[in-house]
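Same order as they appear, the protein sequences are chains A and B. Residues in the first sequence are numbered consecutively from 1, following this note's numbering. Residues in the second sequence are numbered consecutively from 227, following this note's numbering. Working notes, beginning with the structure itself.
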Amino acid sequence: MRILLVEDEAPLRETLAARLKREGYAVDAAADGDEGLYLGREMPFDCAVIDLGLPKMPGLDLVKALREEGKKYPILILTARSSWQDKVEGLKTGADDYLVKPFHVEELLARLNALMRRASGWTRPTLECGPVVLDTTAQTVTVSGQGVELTSYEYKVLEYLMLHAGELVSKSDLTEHIYQQDFDRDSNVLEVFIGRLRKKLDPENTLKPIETVRGRGYRFAIPRAD
Amino acid sequence: MALRVEPSSSDRPSELRVRMATPPPPSRRAPPTEKRPLSLQVRLLGAVGVALFGFLGLTGFALEQAFYESSVQSLRDRLQSFVYAFLSGSDVSVGGKLILPEYLPEQRFSRPQSGLYAGAVGTDIKWVSRSALGYDMPFDAQLEPKSRRFVGPVDTPLGQVYLLSQGIVWEVPGREDVKITFHVAEDVQAINAQMEVFRRTLWTWLLVVAVALLVAEILILRWSLRPLRRVSKDLTLVERGGLEQMPGGYPYELEGLTKSINAFIDSEREQRSRYRNTLSDLAHSLKTPLAVISNELESGSDRDAKGFRLLVNEQVDRMDEIVAYQLSRAATSGHRTFAAPIELLQPAEEIVSSLEKVYAERQVLCEFELDPQARFYGELGDLMELLGNLLENAFKWAKHRVELTARCGGPVTARRRGLELIVEDDGPGIPPDQRERMLQRGVRGDERVQGHGIGLSIVQDIVRAYRAEIEVGASESLGGAKFTVRFQAVA
Chain A
1 MRILLVEDEA PLRETLAARL KREGYAVDAA ADGDEGLYLG REMPFDCAVI DLGLPKMPGL
61 DLVKALREEG KKYPILILTA RSSWQDKVEG LKTGADDYLV KPFHVEELLA RLNALMRRAS
121 GWTRPTLECG PVVLDTTAQT VTVSGQGVEL TSYEYKVLEY LMLHAGELVS KSDLTEHIYQ
181 QDFDRDSNVL EVFIGRLRKK LDPENTLKPI ETVRGRGYRF AIPRAD
Chain B
227 MALRVEPSSS DRPSELRVRM ATPPPPSRRA PPTEKRPLSL QVRLLGAVGV ALFGFLGLTG
287 FALEQAFYES SVQSLRDRLQ SFVYAFLSGS DVSVGGKLIL PEYLPEQRFS RPQSGLYAGA
347 VGTDIKWVSR SALGYDMPFD AQLEPKSRRF VGPVDTPLGQ VYLLSQGIVW EVPGREDVKI
407 TFHVAEDVQA INAQMEVFRR TLWTWLLVVA VALLVAEILI LRWSLRPLRR VSKDLTLVER
467 GGLEQMPGGY PYELEGLTKS INAFIDSERE QRSRYRNTLS DLAHSLKTPL AVISNELESG
527 SDRDAKGFRL LVNEQVDRMD EIVAYQLSRA ATSGHRTFAA PIELLQPAEE IVSSLEKVYA
587 ERQVLCEFEL DPQARFYGEL GDLMELLGNL LENAFKWAKH RVELTARCGG PVTARRRGLE
647 LIVEDDGPGI PPDQRERMLQ RGVRGDERVQ GHGIGLSIVQ DIVRAYRAEI EVGASESLGG
707 AKFTVRFQAV A
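This is the structure:
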């Protein structure tokens with residue numbers, strides 16, 4: 001999951017970016033509205049976190065500009081102003097959720113999680129595809145009720161595939177949405193992760209949850225339950 | 227782990243800071259460079275003066291005209307009577323000659339250039355009075371018998387005259403009738419002199435009347451504007467702090483104004499005291515968590531780092547809540563005196579579509595039942611805060627349904643009708659023993675009932691600022707909680 005973070009205050013931006021990366025997100029941080037708009041146009045994000053008080057271009061204008069560019073990914077706005085008039089204004093402009101400063105990072109993570117899930121058409125926090133159940137809040141995976149131990153990256157890959165269950169996800173999509181820019185795209189790390197996931201989810205090789213579409217990418221093959 | 231985030235300083239300045247700016251200087255008059263509109267006194271005096279002089283001028287003109295016409299008429303009558311006098315005293319001889327009376331009807335006919343002239347002309351007859359002898363007067367015209375002509379002023383060698391001519395016929399037995407035309411003329415000077423005297427008298431008196439009326443007008447003005455001057459004087463006193471309020475005893479027409487001023491002063495004062503209270507509440511309620519932290523630091527207790535962090539975290543949360551609550555309280559205006567009516571539909575729709583976005587997960591259906599006549603008299607921000615907090619609360623607790631109802635209250639004739647806002651949900655509801663506690667009066671940010679967020683405290687503050695009522699109960703139709711806010715009608 002790739003997140004755009006636009007926040008002008010350096011300490012907050014850096015700690016938030018570090019925390020989001022630790023949670024397994026790919027993060028692109030911008031310090032002002034112009035940079036945010038540039039990144040938001042160029043990169044395939046899954047979500048954006050935008051502060052309203054930004055230099056060069058106010059946060060609300062940035063949200064509006066991104067929506068006018070046809071960017072559909074969910075946007076969460078950060079604001080110090082908690083009045084309903086401000087909230088309504090922000091949500092009307094095209095944001096999908098807001099968080100009033102100061103906030104707990106856990107709250108932000110939970111909101112982002114829910115936003116991205118909703119954006120992929122899942123209404124509940126647990127993603128169910130046949131016997132495979134992924135709980136996005138607890139970040140656990142079970143197959144037929146049996147818990148499966150996954151590493152952070154494995155979890156992220158599975159989450160991305162399951163969020164887009166039934167759709168073709170190209171290799172470059174996966175790498176762009178899961179890793180930082182400096183990731184070596186030519187390595188076969190992704191194949192390794194997919195191979196491990198298949199083994200862990202389906203040791204007997206009966207479910208065949210992840211399909212390889214030759215030369216194009218992967219598809220989570222078990223249909224959604226809801 | 228919890229990360230603490232301070233509000234970014236580049237956000238717009240807070241409402242509180244804007245509103246707490248130093249009060250403007252007592253004098254708020256327009257700068258002298260700006261052109262001031264004319265004073266009431268000048269306007270009234272000017273308008274009345276123009277009307278007065280116009281009226282008196284027209285009157286004078288009409289009177290003059292009437293007098294002139296009646297003078298001319300009386301001159302004509304006089305000339306006519308001279309003609310008759312000549313007629314009655316004259317005769318025609320057997321030879322057809324005119325015999326004039328021995329004594330002319332007026333001495334002036336015999337005195338040269340006296341201003342009164344006469345002449346007679348007819349077949350073989352031509353006579354001119356001595357007063358006009360030697361001058362070529364227009365006495366040659368011969369009129370048909372019994373016809374009469376009055377003209378003037380006519381230019382003659384003896385000056386301008388009014389001229390009356392009359393044709394007559396003398397029947398002489400056994401002979402042809404003798405036709406004669408009498409001309410009598412009088413100098414215009416007689417009339418002019420008369421007019422002069424009349425004009426002088428007339429205009430003198432009109433002027434006297436005008437001046438008297440203007441003086442009366444000024445006195446009346448001063449007398450009727452005195453209450454206004456008093457209002458302005460009292461207002462200055464109020465501004466300087468010499469008076470608490472505008473005292474009563476103004477004329478009926480000004481009562482509305484002074485009452486409004488008093489209401490404004492009151493709400494201003496209330497506002498100021500609310501700021502003061504907010505500020506002191508804020509400062510005082512922040513002291514408790516600060517004291518806890520500083521005690522913990524100083525006592526150097528044996529708590530481990532994790533425990534200390536937990537404690538600080540808890541206190542920081544508390545401070546955050548306090549600040550958020552007091553900020554929104556300071557923004558509540560409660561200016562009900564001069565508020566324009568606001569329709570409910572648009573703000574309610576905006577809030578609900580926002581809530582539907584944020585609480586998309588819950589798939590709550592919100593229904594409206596709004597009386598199209600219902601209006602909120604106050605600040606839009608307060609209405610949105612009120613609806614936002616009540617509806618958010620309902621969205622949080624509802625299973626599937628939320629209902630917002632707005633009704634008019636009070637008599638139809640009221641200047642401002644009352645308003646009843648009801649928010650209901652189908653959630654678990656609030657147990658009766660907790661309802662009372664939720665609505666305790668004077669609950670400060672740090673003394674609130676836990677678990678209901680600061681939303682309800684904000685709602686209560688707004689309710690108090692608008693002198694409205696709030697009631698918590700059970701929804702009959704949906705089975706969950708029901709919040710009712712009632713604003714009173716103003717007659």
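Ideal Cβ positions, reconstructed from N, Cα and C, are used throughout, including at glycine.
In the structure shown, the three-state DSSP call for Gly475 (chain B) is coil. Residues of chain B with a Cβ closer than 9 Å to the Cβ of Val88 (chain A) are, in chain order, Pro573, Glu576, Ile577, Ser579, Ser580, Met610 and Gly614. Going by beta carbons, Leu52 (chain A) and Ile77 (chain A) fall inside the 8 Å limit. Ile446 (chain B): member of the alpha helix (DSSP H) spanning Gln415 to Arg466, first to last residue. Residue-level contact check: Ser170 (chain A) does not touch chain B, since none of the beta carbons of chain B fall below 8 Å from its beta carbon.
Linking Thr349 (chain B) to Tyr388 (chain B) through their CA atoms gives a straight-line distance of about 25 Å. Fully contained in the segment 341 to 374 of chain B are the following beta strand (DSSP E) runs of length 3 or more, in chain order: 342 to 348 and 351 to 354. Residue pairing for Phe602 (chain B): DSSP places it in a beta bridge opposite B:Ile568.
Not one beta carbon of chain B lies nearer than 8 Å to the beta carbon of Arg22 (chain A). Collapsing the DSSP output to three states places Ala110 (chain A) in a helix. Under the three-state reduction of DSSP, Lys71 (chain A) is assigned to coil, being neither helix nor strand.
Against chain A, the beta carbon of Ala550 (chain B) has neighbours under 8 Å at Ser82 and Val100, listed in chain order. Sixteen is the threshold: when 16 or more other Cβ atoms of the shown chains lie within 10 Å of the Cβ of Asp687 (chain B), as they do, the residue is buried. Scanning B:Val584, B:Phe709 and B:Glu370 for the CA closest to the CA of Ala95 (chain A) turns up B:Val584. Taking each of B:Glu295, B:Pro331 and B:Ser319 in turn and checking the Cα distance to Ser307 (chain B), the smallest one comes out for B:Pro331.
Identification of chain A residues near Ala586 (chain B) by a Cβ-Cβ cut-off of 8 Å yields Arg118 and Thr123, ordered along the chain. If you draw a straight line from the Cα of Asp608 (chain B) to the Cα of Gln552 (chain B), it is about 14 Å long. Using a Cβ-Cβ distance cut-off of 8 Å, the segment 411 to 418 of chain B and the segment 378 to 394 of chain B are in contact, since at least three pairs of beta carbons, one from each stretch, lie closer than that value. Per DSSP, the unbroken alpha helix (DSSP H) holding Trp84 (chain A) starts and ends at Trp84 to Thr93.
Of B:Glu295, B:Ala694 and B:Gly345, the smallest CA-CA separation from Asp366 (chain B) is found for B:Gly345. Taking all protein chains in view, the Cβ of Ser580 (chain B) is crowded by 16 or more other Cβ atoms within 10 Å, so the residue is classified as buried. Rounded to whole angstroms, the Cβ separation of Ile50 (chain A) and Tyr25 (chain A) is 16 Å, and the two are not in contact under 8 Å. For Thr15 (chain A), the enclosing alpha helix (DSSP H) begins and ends at Ala10 to Arg22. Scanning A:Glu191, A:Leu174 and A:Leu158 for the CA closest to the CA of Ala221 (chain A) turns up A:Leu158. According to the DSSP secondary-structure assignment, Glu582 (chain B) is paired through a beta bridge with no residue.
Using a Cβ-Cβ cut-off of 8 Å, Ser554 (chain B) counts as an interface residue toward chain A, since at least one Cβ of chain A sits closer than that to its own. Note on geometry: alpha-carbon atoms of Pro327 (chain B) and Tyr310 (chain B) lie some 12 Å from one another. Under the 10 Å beta carbon count, Trp84 (chain A) is surrounded by 16 or more other beta carbons and is classified as buried. Beta-carbon to beta-carbon, Glu167 (chain A) and Arg219 (chain A) are separated by about 7 Å, close enough to satisfy the 8 Å threshold. Using a Cβ-Cβ cut-off of 8 Å, Gly604 (chain B) does not count as an interface residue toward chain A, since no Cβ of chain A sits closer than that to its own. Taking 8 Å as the threshold, the shortest C-beta distance from Ala110 (chain A) to chain B does not fall below it. Going by C-alpha positions, Ala489 (chain B) is about 14 Å away from Arg498 (chain B).
Rounded to whole angstroms, the separation of the alpha carbons of Ala48 (chain A) and Val6 (chain A) is 8 Å. For the 8 Å CB-CB criterion, Ser340 (chain B) and Ser316 (chain B) do not form a contact.
Against chain A, a Cβ distance below 8 Å from Asp546 (chain B) picks out Pro102.
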